[in-house]
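Peer 1: If you scroll down you'll find the structure; I have some questions about it.
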Amino acid sequence: MQVQPMVTEYFAKQDYEGAVALCRQNIQAQPQVIVNYWYLGVALLLQGKQTEAEHCWNAVFSQGTPPQVQQWRQQLYQLLGAIANQRESVKDWESALVLRDRIEAIAPHDINNHLARLQLYLHLGLIDSTLTERLITTAELLLSSNYSNLNQPLLIAVLRQLAEGQVFHVKSLQLLEAAVTQNLLNHPDWNQNIRLQQTYGNYYRNKALKHCDYGEFPEAILSFWKAQDLVPEISITYPLAMAFFAQGKLSEAAELLSQISDKQPEYASARYILSAIYTPQSQEVLRTIYQRVIEKSWANCKYPQAANAAQKMVELEPGSSHAQYNLGMSLYYEGLFTSNVEKVYQAELALKKALEFKPNNEILHKKLSTIPYTLQFAQKGYNVSADCFTGVMPIWEQNFRKYANMPNLRVVEVGCFEGMASCWLLDNILTHETARITCIDNFEGVVESKKNDPTVQKSVEERFDGNIEKSGAKHKVDKRVGFSQEVLRSLPLNFYHIVYIDGSHFAIDVLQDAVLSWGLIKEGGMIIFDDYHFEFPDRPHCNTGRGIDAFMTVFQEKLKVIYRDDRQIFLEKLSH
């Protein structure tokens, strides 16, 4: 292919307007020289005129025979690659990426171009879903064929950049695994870079430890093996042995623990586990492992993983109320958060079994009393992200029974979150066709615990709307989006039978909500407070209970306490 030195000088200076003018002159002087059109298209492309560039090239392609077109495409491909390399050499990442995009259109399976694109994304800081897709595509390409022309230093440079980035991209491991599978890392740039190998080894180790946290021991073992291939250290060998141990693969665990004891006799934990591995003491070790998995899984809302570990603990200790309780609660929340009726039934069986061993356990009795309502929620398919209501459902059933199916019943709910309480009321109390509920919330998250996240706000309101839709009683709901102190002032006085206050937990806000709600409630109506026990450790004067106590003190002659515990208080309004 003919080289146009003067045009490339314009490219080097990023004077693309001058390059376009020169190319047009060359075409006018020598219209039969095909390469002039390739340079013109490249100049237009770098000007941001992609449509004009495509038109320029396609006009030439349309005039050629298939063999000619194939030859011309190869010429254009080589030119784009040469100019992309030149732009990369002077760190003009944006222009290089434009050229690499066009190369991919011509040669979508060019592995080196894919790697170069990945490198450009990292140089430009484009750590987003597109990078994820690029990593997956490049890994799949590496696995699909043996590339004799692979640029190994470029592959290793990309892996290094991924490892050294501010945020490690999990799909980097997929690219690494593809390279290992195809034996593409046998190169001095990799073999001599111990730090890079340790970085990836540690990522595999951390990945394996996370699997261990959630009781995913087969997955943990695979990740530990990959880590050990990169970094054969005891910090990896020991948890790998424990993963084997937790899986019941005692001989594999014993072999690894023996290796550790031989190499580091002072490693007391390895010696202890090794000595206990074939004795009754091993049960205590396993119990500790499973309990840790359950606690870690609960803390991260990984209830299926918690249930798996709890089931293993039950198999280890079939007569333990604690083990059955762990299993029951894991299944309970899995059923609640995934609308899985079968899991709720399984939870009931486990909790009843736990009760057989401890028949006077109040916690078990309370949780079992919520099963019918949790089943109702699961059957309706309600979508919630937190359980902030099931514990009080039996109390509500007891105190609201007199209002069930009451004509023209009117309820106000201050702070409805995802609609768990709203839906329970619609399903069980507001069943008469004339009953109505006013739901007030700004859907801005829990202000007192963290800064608002617009994404969370949107998802909370979407869940609320979706749950109200599933209730089949959307026409009974008056949703008011706003601050309670403003919305409550707009509602009619002496009109409502029930007001439920579960909005802002700051004492001053709770007190205002209560005072404003008082005038809305009819005589004989009820006002309910939630989260009396909620505290702000750094600002005790803001504790929720302070606001509730202040209201009850001032209005004590006009109200009657119907029910109270450490969380909820039910009051009856005796007079205005």
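Residue numbers for the sequence shown follow the working numbering, so the first one is 546 and each next one is one higher.
By construction, the Cβ of each residue, glycine as well, lies at the ideal position given by its N, Cα and C atoms.
1) According to DSSP, is residue 919 helix, strand or coil?
2) Between which two residues does the beta strand (DSSP E) containing residue 955 stretch?
3) Which whole-angstrom value describes the C-beta separation of residue 557 and residue 631, a residue pair presumed to lie in contact below a C-beta threshold of 8 angstroms?
4) Identify, in the order they occur along the chain, each residue of the same chain with its Cβ nearer than 6 angstroms to the Cβ of residue 882, setting aside the five sequence neighbours on each side.
5) Leaving out the 5 sequence neighbours to the left and right, which residues in its chain are closer than 6 angstroms to residue 723 when beta-carbon positions are compared?
6) Find out if the Cβ-Cβ distance for the pair residue 1012, residue 963 is shorter than 8 angstroms.
7) Could you check whether residue 729 and residue 775 sit closer than 8 angstroms to each other, using their CB atoms as the reference points?
8) If you follow the alpha helix (DSSP H) that residue 752 is part of, which residue opens it and which one closes it?
9) Considering only DSSP beta bridges, list what residue 1023 is partnered with.
10) For residue 1058, count the other beta carbons within 10 Å of its own beta carbon; 16 or more makes it buried, fewer makes it exposed. Which is it?
11) Assign residue 1025 to one of two classes, buried (16 or more other C-beta atoms within 10 Å of its C-beta) or exposed (fewer than that).
12) Do residue 896 and residue 912 have their beta-carbon atoms positioned less than 8 angstroms apart in this structure?
13) Classify residue 945 as buried or exposed, calling it buried when 16 or more other Cβ atoms lie within 10 Å of its own Cβ.
14) Using only the alpha-carbon positions, how far apart do residue 840 and residue 848 sit?
15) I'd like to know whether the C-beta atoms of residue 879 and residue 871 end up nearer to each other than 8 angstroms.
16) For residue 632, does the three-state DSSP call read helix, strand or coil?
17) For the putative contact between residue 651 and residue 622, defined by C-beta atoms under 8 angstroms, what is the C-beta separation to the nearest angstrom?
18) First and last residue of the alpha helix (DSSP H) that includes residue 942?
19) Alpha carbons only, please: which of 761, 793, 696 is nearest the one belonging to residue 734?
20) Are the beta-carbon atoms belonging to residue 983 and residue 1023 less than 8 angstroms from one another?
21) Classify residue 693 as buried or exposed, calling it buried when 16 or more other Cβ atoms lie within 10 Å of its own Cβ.
22) Return the Cβ separation of residue 1046 and residue 1066 in integer angstroms, given the expectation that the two are a contact with Cβ distance under 8 angstroms.
23) Using the three-state DSSP reduction, which class does residue 1028 fall into: helix, strand or coil?
24) Put residue 645 into one of helix, strand or coil per three-state DSSP.
25) For residue 832, which residues does DSSP report across the bridge?
26) Give the secondary structure of residue 1077 by DSSP, where H, G and I count as helix, E and B as strand, and everything else as coil.
27) Quick check on residue 903: does DSSP put it in helix, strand or coil?
28) Where does the unbroken alpha helix (DSSP H) through residue 606 begin, and where does it stop?
Peer 2: Reading it off the structure:
1) helix
2) 955-959
3) 7 angstroms
4) none
5) 684, 687, 688
6) yes
7) no
8) 739-758
9) 983
10) buried
11) buried
12) yes
13) buried
14) 10 angstroms
15) no
16) helix
17) 5 angstroms
18) 938-945
19) 696
20) yes
21) exposed
22) Wrong, their Cβ atoms sit about 11 angstroms apart, outside the cutoff.
23) coil
24) helix
25) Answer is none; residue 832 lacks a bridge partner.
26) coil
27) coil
28) 595-606
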